[in-house]
Every structure is written in structure tokens, then in C-alpha cells.
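Note sheet for the following structure.
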Amino acid sequence: MDERTDADLLIASRDDPGAFRILYDRWAVKLTQYFYRRTLDAEASADLVAETFAVAYLRRRRFRDVGAPGGAWLYGIAKRELGRFRRKQGVELRAVRRLGVAMPPIDDSSMRRIEELVDLVQYRRELQAALGRLSAKEQEAVRLRVMEERPYTEVAERLGCSEGAARVRVHRALHRMADWVEQPT
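Residue numbers for the sequence shown follow the working numbering, beginning at -18 and rising by one.
What follows is the structure, given as C-alpha cells:
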């Protein structure tokens, strides 16, 4: 086991690609979990991990050891890649729907492996517990928008509030749930 810090590995990887491989081995599972918990999509998670490490590899010469953990640098890249994915996904999904194209699914063995890495059963329990901590109105907002995929106009109508208020209610509830799942009590 290599005892160098992530920062040391990033700096060493400028001249030694093997050092980057060690960094990859150290962080790939954690990043897969990070992405899966945010997308609930094994294929997207695998793609995002690959993109994150590709960007990190290309930018490794820009890394500066300023005392922050190298893993934090990777998570910064991961967060930006996730944002890009979400923006791109919305555009792509609309185009795919208009064209009537079916996206090929990830193979079953890859799906099972990612779900094992994430411990999907435990994650579902954590999500259920977080949902239970929300107020009844917040639970209803999340159920309507996320679980039933209803448009915000309908969510607002069912909740007896404006569309803007429904959006805020869903956003805040999901944000709180994410905080609770990431830092369970």
C-alpha cells in the first residue's frame, strides 16, 4: 500500500502515470458512490467517474498543494462534472424524447457491481429515514414531484400553493434529505 498523500500522488503523477493509477484506485469507489447517490443511475455514475478522472489527469499539472487534501480537489472536479451532466442530461433527454430514441441500458453485471459498491439497500433505508423526517407537506411535495414525476404546476395545485412555492418546497426538502443522508444522525 502506497502511503503517499493524495497531493503527493497528484504531483508525482506529472512524471509518473503509475502514481495517478494509485490515486484512481484510492478514490474510484468513493466517487462512484458520490455520483450514484446523486444520480441513482449506475451508467451515469460510471461515466462521471471516468470523466472526473480524465479531467483530473489532464489538469494534474495545475494542481497546487496548498494544504487541502488532494481528494478535495478531485471532489471539486466531480461536483463540476455532475453539474455539467445535469445540464447536458436535460438537453439530451428532451432531444431523445423528441426523436423517440431508446437509450441502451448498462449491462446487468455492471449494474449489480455499482449497486454493491454503493450499498444500495442501505442507501434506500437512509433515504426512507430522511423522507420520514420531513414534514407531511414536504413529504407530499417530494412524493408528487420526485416519485410520481408530476409537473410543478400539478404539484402546486395539489399542495394548494403557487408553482414557485412548490418548487421551493421540493428543493428545500431534497436538500435537507441529502444533508441527512450524507451525515446520518
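The C-beta atom is built at its ideal place from N, Cα and C for all residues, glycine as well. From a predicted model like this one, the values you see are computed outputs, not experimental measurements.
Here the alpha carbon of glycine 51 sits roughly 45 Å from the alpha carbon of leucine 140. With distances taken between CA atoms, alanine 154 lies nearest to Glu119 out of Ala137, Gln103, Glu138, Glu119.
Residue burial annotation: arginine 41 is buried, with at least 16 other C-beta atoms found within 10 angstroms of its C-beta. As the crow flies, the alpha-carbon of alanine 25 is around 12 Å from that of lysine 69. If you draw a straight line from the Cα of leucine 112 to the Cα of glutamate 144, it is about 22 Å long. Across the structure, glutamate 107 and alanine 159 are spaced so that their CA atoms are roughly 10 Å apart. Comparing alpha-carbon positions, the option among Ile95, Thr20, Asp46 lying closest to leucine 63 turns out to be Thr20.
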